[in-house]
Amino acid sequence: MSGTTHPNGVPYLRPAGNAQGLANYPHARTVTAGHGASYLHISGTSSRRGDGSFVGAERAHDPNGNPSLKLDIRLQTAAVLKNIAAIIDGATEGRAGMQNVVEVTVFLTNMKDDYAGMNEEWNKVWPDRTTAPARTTVEVRALPREEILVEMKCVAWLAGFQLRAKAQSLTKPRDLVHPRWSGNDC
Numbered sequence: 012m013s014g015t016t017h018p019n020g021v022p023y024l025r026p027a028g029n030a031q032g033l034a035n036y037p038h039a040r041t042v043t044a045g046h047g048a049s050y051l052h053i054s055g056t057s058s059r060r061g062d063g064s065f066v067g068a069e070r071a072h073d074p075n076g077n078p079s080l081k082l083d084i085r086l087q088t089a090a091v092l093k094n095i096a097a098i099i100d101g102a103t104e105g106r107a108g109m110q111n112v113v114e115v116t117v118f119l120t121n122m123k124d125d126y127a128g129m130n131e132e133w134n135k136v137w138p139d140r141t142t143a144p145a146r147t148t149v150e151v152r153a154l155p156r157e158e159i160l161v162e163m164k165c166v167a168w169l170a171g172f173q174l175r176a177k178a179q180s181l182t183k184p185r186d187l188v189h190p191r192w193s194g195n196d197c
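Sequential numbering from 12 applies to the sequence shown in my numbering.
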């Protein structure tokens, strides 16, 4: 884990050289669920590399010199899943992986053209329906850059994990409860 414990959990930021958020948010945030277990909430992840380029997005010129952009949903999906795996590995210091993912939301810019290709790469990571995470796939009008065909956000269950924050964490479970909530009301 990296970062300091905050009321909204422990942030994880990938090391320099990896793609960084374009606004102020972490790659992931770990939140304690009680009894030594935690949830890892992973921010929307694309195929962006640390240098700002995208896997599965190739800029070229046609024979007349006109610029073109060739996009590949399979390469992008594989890169997104690889980036998510790296975030889980880094946030848990290698103690968890894709098998811990319990829910994924997939955002596609073109469901008709890209759904099948995205599923092909998905099924390579989770070949068994009984162990795959719950999933919702939606088509969106656009993602932050024209190079992006797919983005995913997910949640991983970290049973038995203890947070290792750099700063002292909250000491009383009651500190995590909103003042207007009481007892088992939440």
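Each residue gets a CB set at the ideal place from its N, CA and C atoms; glycine is no exception.
- Contact between the segment 152-172 and the segment 84-94 is present: 3 or more CB-CB pairs across the two stretches fall below 8 Å.
- Taking one beta carbon from each stretch, the segment 130-137 and the segment 19-27 have fewer than 3 pairs nearer than 8 Å; the two do not touch.
- Per DSSP, the beta bridge partners of R40 are P22, H52.
- The shortest CA-to-CA distance from G61 to any of T41, N29, L92, T88 is the one to N29.
- If one requires a minimum length of 3 residues, the beta strand (DSSP E) runs lying completely within the segment 51-108 are 68-72, 78-82, in chain order.
- C-alpha of S58 to C-alpha of V115: approximately 16 Å in a straight line.
- Here the alpha carbon of G47 sits roughly 29 Å from the alpha carbon of V91.
- The Cβ atoms of A145 and A107 do not sit closer than 8 Å to each other.
- When the five nearest sequence neighbours on each side are left out, the beta carbons in the same chain lying within less than 8 Å of the beta carbon of D73 are those of S79, in order along the chain.
- Within the model, the alpha-carbon separation for K164 versus T148 is close to 11 Å.
- DSSP places E157 in no alpha helix (DSSP H); its state is neither H nor E.
- Distance check between R140 and each of G63, Q110, V151 places Q110 closest, using alpha-carbon atoms only.
- With distances taken between CA atoms, N94 lies nearest to F65 out of F65, V42, S49, A71.
- Rounded to whole angstroms, the gap between the alpha carbons of H38 and N77 is 36 Å.
- By the neighbour-count definition (other C-beta atoms within 10 Å, threshold 16), D124 is an exposed residue.
- For A143, the CB contacts under 6 Å within the same chain, skipping 5 residues up- and downstream, are W137 in chain order.
- Annotation for A145: the continuous beta strand (DSSP E) segment containing it runs 145-150.
- Scanning its chain for C-beta atoms nearer than 6 Å, with the 5 sequence neighbours on each side dropped, one finds around I98 the residues H38, A39, I53, in chain order.
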